[in-house]
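Peer 1: Let me begin by handing over the structure; questions about it come next.
Numbering (my numbering), first residue to last: 712 to 812.
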C-alpha cells in the first residue's frame, strides 16, 4: 500500500503504519474465517482468495468485499469457486464475534 515517486522516496504510509494496517486486515480475516455467520461457500472462497494473494491479504479482502457487494446488488455471475451467489432479499451485515479479552 505504498506509492513511490520516480525517485522511489515518496511514500503514502510510514512502514510502521503499513505493518499495522496489514496486521489489522489479517485480524479481520481471521475473525471472519472463524465466524459461524459466514456461510461455508463464502469461507471457502475467502480461503482461496487468501491463498491466491498470500503476500497481499488486503487484496484478498478487497476482492472478497467486491464479490459480496456484487451478490448484494443482485449480480448473477457465479462466484470464483463456481458457487452461485444468491442475492439476499435484504442486505445483511457480516456479524463478527466480540474479541475475547
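Heads up, the beta-carbon is just placed ideally off N, CA and C, and yes, glycines get one too.
Every value quoted in this text rests on a predicted model; they were computed, and no experiment measured them.
#1: In three-state terms, what does DSSP make of residue 746?
#2: Would the beta-carbon of residue 723 fall within 7 Å of that of residue 768?
#3: In whole angstroms, give me the CA-to-CA distance for residue 762 and residue 770.
#4: Leaving out five residues on either side along the sequence, give the residues of the same chain with a beta carbon under 8 Å from the beta carbon of residue 740.
#5: Straight-line CA distance for residue 745 to residue 730?
Peer 2: Quick answer:
#1: Residue 746: coil per DSSP, three-state reduction.
#2: Not in contact: residue 723 and residue 768 (Cβ atoms no closer than 7 Å).
#3: 11 Å
#4: 757, 761, 768, 771 and 772
#5: 23 Å
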